[in-house]
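Residue numbers (the working numbering), protein chains in the order written: chain A, 1 to 368; chain B, 369 to 736.
Note that beta-carbon positions come from the ideal geometry of N, C-alpha and C, so glycine has one too.
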């Protein structure tokens, strides 16, 4: 199928760019000597993740138990569920473990450690656990120098229902960095914080074989990863405009885009209309303040236009006289997204494109 | 199943509120003497829309051809596809018509009228068409006093492949109104503009039996609908915080919410964490600037807290000491959304709740 024959809106995935992005991360982590545990939350596709794990020893990271189900059904068994666990999800985790998945959970409080031990006893299960460590003050976790870290570790280690495996952290604040120097410093802060937490556990006589860190920016900007046993990253497979604005990739590395059609011209109001709106693009305005930038449907070359506002199925693109000429009603355009995770999640499948042709269709594992 | 047993995040639909909202719109339009053609873009569920059409003579409005497929498979045949058509979609429309769907398309330009006629000839099809009219300068359409309206009408009427059925308009700017008086004025502007467009066609000897208008705010605030033959509205079934902020409903009318679990406490940083983030809530910040307001999981009574920021699977809720006490780790909360269409679209199905119990599960028809 040619791109011009696709019913829009549709999610395109450029195979060449995907392969380059995957290769770049693999080469970087090989150079640093640390295995990659890819985060599947962006791609949510077994085909994409198989590309990412090629030649890697480790498992995967998931953001939902639905992803764990989907990837287990496709042969992935070593799974880290990297969102703080809730008591109501432990039965599901136990059933995944009975089906052969080595699912590790994450928590950061004594209350949750207690609840996990209790549920484990009721379910006849034992849950491997990483303690989430806060290395940037941005979201979840316990700080490496907080006495509660060792307290949580003791509870986990002392219970038959939980097995302390170590620590994990995610420097989400790396998305707020403004220069390569800041990114390098944030990567070192993430590494040092995680290693310090593992050391604190070990000094208390507790096991901490796993030291898991990661985000796409810190994984690509880390200069050393001493003491780290695995790196997690997800958006690097597709990249997006937020990553490009951070300097983590070039705009020409963005592998995912939404194909749309020009469905109206309003020269009287200075815009043209496309059939991709808030649903197809997501309402993530990223750092640019728009909803995505237009590109040629085949070459993906930028057109110098952006989606300024959206309704559910409409996008409004400010346009001048010459734009109405080059983009007649019925013309196709690609929209490069601000935030690949959010935009891809609006779609059921990817159309893999190569040289302007659709060569494959990959299903996504959406929802919970 | 009780609400406390649901794996989160999950989309709840309060049956009592849904029925009240549906009844309110029906009563209002019965009083005005105009049939309702519900827009299914918000609910995307046959069960919800069957409630909405009970006792109504007309068909439905869809925002995607996927919705048209889904509703045709469930017995709905009179379908208006209310997004400006693109040439690449006409084959799909023709196949739906062959399967028994009376699909009407919408367009607003001579170019698209020409393209539709050409494709109709190639497909051996004939497409009923409404001309989209711009009554508020907000998006698509041709103005009632623009000479191109009659030009488009003539092309449609003069082609064997298209059948001119009349006009449609949507006063999306009603979402920007600030008082009941402004809403009433916008409803009258929408009505008058659509009727004027139909009159312009008729004065030129062209048929315009259909005059279709609508948005939830204008449908509920219209004082008269003389000359209008049908009203479209969709979000009224669920309502949301944008509608409440407009004065179109009360917060206690919002039928849809996301159930989430408290997965972390950060008293040191002044927030608690829930397992509903940008994916489960959408990134629509509505008019409030947050990502949704917290409510009791069973009673739906407001808790006075809001989701201030989101990552993919995390929501951060600014909280004080008393909030950590009343919302311990593992507690459930409901989040009332800013924009029901966007939030519901993030989920695969609704859990219908009645008196704190899940009584049914309704599938949604997502994607394209």
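At least three beta-carbon pairs within less than 8 angstroms, the stretch 567-586 of chain B to the stretch 538-553 of chain B: yes
Contact belief for residue 475 of chain B with residue 500 of chain B at Cβ below 8 angstroms, rounded distance in angstroms: Indexing the second chain from 1 puts residue 475 of chain B at position 107. Indexing the second chain from 1 puts residue 500 of chain B at position 132. Rounded, the Cβ-Cβ distance is 7 angstroms, consistent with contact.
Please name the residues in the stretch 642-658 of chain B whose beta-carbon is closer than 7 angstroms to at least one beta-carbon of chain A, in chain order. 643, 646, 647, 650, 651 and 652
Beta-carbon neighbours of residue 367 of chain A, restricted to chain B and to distances below 7 angstroms: By 1-based counting over the first chain, the position of residue 367 of chain A is 367. Ordered by position in chain B, the residues that pass the 7 angstroms Cβ test against residue 367 of chain A are 715 and 716.
Distance cutoff 8 angstroms, beta carbons only. Does residue 257 of chain A sit that close to anything in chain B? As a first step, residue 257 of chain A must be located in the first chain, where it is residue number 257. No - not a single Cβ of chain B is within 8 angstroms of the one on residue 257 of chain A.
For residue 41 of chain A, which residues in chain B fall below 7 angstroms Cβ to Cβ? Residue mapping note: residue 41 of chain A aligns to position 41 of the first chain, counting from 1. At a C-beta separation below 7 angstroms, residue 41 of chain A has these neighbours in chain B: 680.
Cutting at 6 angstroms between CB atoms, please list the residues of its own chain near residue 360 of chain B, excluding the five before and the five after it. Because chain B in this structure spans residues 369 to 736, residue 360 of chain B falls outside the shown range and cannot be described.
Alpha-carbon to alpha-carbon, residue 647 of chain B and residue 105 of chain A: On the first chain, position 105 is the one that residue 105 of chain A refers to. On the second chain, position 279 is the one that residue 647 of chain B refers to. A straight-line Cα-Cα distance of about 21 angstroms links residue 105 of chain A and residue 647 of chain B.
Min CB distance residue 346 of chain B to chain A below 8 angstroms: There is no way to answer for residue 346 of chain B, as the model of chain B reaches only from 369 to 736.
Does any residue of chain A bring its CB to less than 8 angstroms from the CB of residue 473 of chain B? The sequence position of residue 473 of chain B within the second chain is 105, counting from 1. Residue 473 of chain B does not count as touching chain A.
When you compare the CB of residue 702 of chain B with every CB in chain A, is at least one pair closer than 8 angstroms? By one-based count along the second chain, residue 702 of chain B stands at place 334. No, no contact with chain A.
Near residue 363 of chain A, which residues of its chain fall below 6 angstroms by C-beta distance, leaving aside the five closest residues on each side in sequence? As a working note, residue 363 of chain A is residue 363 in the first chain. Correct list, in chain order: 349.
Closest Cβ-Cβ distance between residue 240 of chain A and chain B: below 8 angstroms? Position 240 of the first chain holds residue 240 of chain A. Under the Cβ distance rule, residue 240 of chain A does not count among the residues neighbouring chain B, no pair being separated by less than 8 angstroms.
Given this structure, state the Cα-to-Cα distance separating residue 72 of chain A from residue 300 of chain A, to the nearest angstrom. Stepping through the first chain from its first residue, residue 72 of chain A is reached at position 72. Stepping through the first chain from its first residue, residue 300 of chain A is reached at position 300. If I take the Cα positions, the gap works out to 35 angstroms.
Just the chain B side, please: which residues come within less than 7 angstroms of residue 86 of chain A by C-beta, in chain order? Translated into the one-based positions of the first chain, residue 86 of chain A becomes position 86. Going along chain B in sequence order, the residues near residue 86 of chain A (Cβ under 7 angstroms) are 376, 629, 631, 643 and 698.
Got a sec, what are the start and stop residues for the alpha helix (DSSP H) residue 438 of chain B sits in? The residue given as residue 438 of chain B occupies position 70 in the second chain. 433-441 is the extent of the alpha helix (DSSP H) around residue 438 of chain B.
Close Cβ partners of residue 435 of chain B (< 6 angstroms) along its chain, the five nearest in sequence each way excluded: Here residue 435 of chain B is taken as the residue at index 67 of the second chain, counted from 1. So the list reads 408 and 733, once near-sequence residues are dropped.
Listing by chain order, which chain A residues have their CB less than 8 angstroms from the CB of residue 451 of chain B? Here residue 451 of chain B refers to the residue found at position 83 when the second chain is read from its first residue. Chain A residues near residue 451 of chain B: 263, 275, 313 and 314.
So, at 8 angstroms on beta carbons, what are the nonlocal neighbours of residue 318 of chain A in its own chain, with the 5 sequence-adjacent residues on each side left out? Against the first chain, residue 318 of chain A aligns to sequence position 318. Closer than 8 angstroms at Cβ, skipping near neighbours: 270, 271, 305, 306 and 308.
Reducing DSSP to helix, strand and coil, say where residue 157 of chain A ends up. Indexing the first chain from 1 puts residue 157 of chain A at position 157. The answer is helix: DSSP assigns residue 157 of chain A an H, G or I state.
Tell me the DSSP secondary structure of residue 343 of chain A in three-state form. Along the first chain, one-based indexing puts residue 343 of chain A at 343. Here residue 343 of chain A sits in helix by DSSP.
Between residue 385 of chain B and residue 313 of chain A, what straight-line distance do the alpha-carbon atoms span, to the nearest angstrom? For the purposes of this step, residue 385 of chain B is identified with residue 17 of the second chain, where counting begins at 1. For the purposes of this step, residue 313 of chain A is identified with residue 313 of the first chain, where counting begins at 1. Rounded to the nearest angstrom, the two C-alpha atoms are 26 angstroms apart.
Around the Cβ of residue 99 of chain A, are there at least 16 other Cβ atoms within 10 angstroms (buried) or fewer (exposed)? Walking along the first chain from the start, residue 99 of chain A turns up at place 99. Under this definition residue 99 of chain A is an exposed residue.
Counting only beta-carbon separations shorter than 8 angstroms, does residue 162 of chain A have a partner in chain B? For the purposes of this step, residue 162 of chain A is taken as residue 162 along the first chain, with counting starting at 1. It does not: the Cβ of residue 162 of chain A has no partner Cβ on chain B nearer than 8 angstroms.
Per the contact definition of three or more C-beta pairs closer than 8 angstroms, is the stretch 380-399 of chain B in contact with the stretch 42-50 of chain A? no
Mind listing the chain A neighbours of residue 508 of chain B? Cutoff is C-beta to C-beta under 8 angstroms, in chain order. For this step, residue 508 of chain B is matched to residue 140 along the second chain. Those are 263, 264, 266, 273 and 314, listed as they occur along chain A.
N- and C-terminal bounds of the beta strand (DSSP E) containing residue 278 of chain A: Taking the first chain and counting its residues from 1, the one referred to as residue 278 of chain A is at position 278. Counting along the chain, residue 278 of chain A falls outside any beta strand (DSSP E), though it belongs to the alpha helix (DSSP H) covering 278-281.
Are at least three pairs of beta-carbons, each pair with one atom in the stretch 624-636 of chain B and one in the stretch 245-254 of chain A, less than 8 angstroms apart? no
Have a look at residue 692 of chain B and residue 634 of chain B and give me their C-alpha separation to the nearest angstrom. Working through the second chain from its first residue, we reach residue 692 of chain B at position 324. Working through the second chain from its first residue, we reach residue 634 of chain B at position 266. Spanning the two alpha carbons is a distance of roughly 9 angstroms.
Does residue 431 of chain B come within less than 8 angstroms of chain A when only Cβ atoms are used? Here the question's residue 431 of chain B lines up with position 63 in the second chain. Residue 431 of chain B counts as touching chain A.
Please name the residue in B:528, B:735, B:504 and B:567 whose C-alpha comes closest to that of residue 492 of chain B. Walking along the second chain from the start, residue 492 of chain B turns up at place 124. Residue 492 of chain B has its Cα closest to that of B:528, out of B:528, B:735, B:504 and B:567.
Check whether the stretch 31-38 of chain A and the stretch 52-61 of chain A are in contact - that is, three or more C-beta pairs closer than 8 angstroms. A contact exists between the stretch 31-38 of chain A and the stretch 52-61 of chain A.
Comparing the C-beta of residue 78 of chain A with each C-beta of chain B, is any distance below 8 angstroms? Along the first chain, one-based indexing puts residue 78 of chain A at 78. Judged by the 8 angstroms Cβ criterion, residue 78 of chain A is not in contact with chain B.
With H, G and I counted as helix, E and B as strand and the rest as coil, what does DSSP make of residue 601 of chain B? Translated into positions along the second chain, residue 601 of chain B becomes position 233. If DSSP states are grouped into helix, strand and coil, residue 601 of chain B belongs with coil.
Run through chain A and tell me which residues come within less than 7 angstroms of residue 637 of chain B, C-beta to C-beta. Locating residue 637 of chain B in the second chain gives position 269, counting from the first residue. Within chain A, the residues near residue 637 of chain B are 137.
If you draw a straight line from the C-alpha of residue 69 of chain A to the C-alpha of residue 90 of chain A, how long is it? If you number the first chain from 1, residue 69 of chain A lands on position 69. If you number the first chain from 1, residue 90 of chain A lands on position 90. Going by the C-alpha atoms only, they are around 14 angstroms apart.
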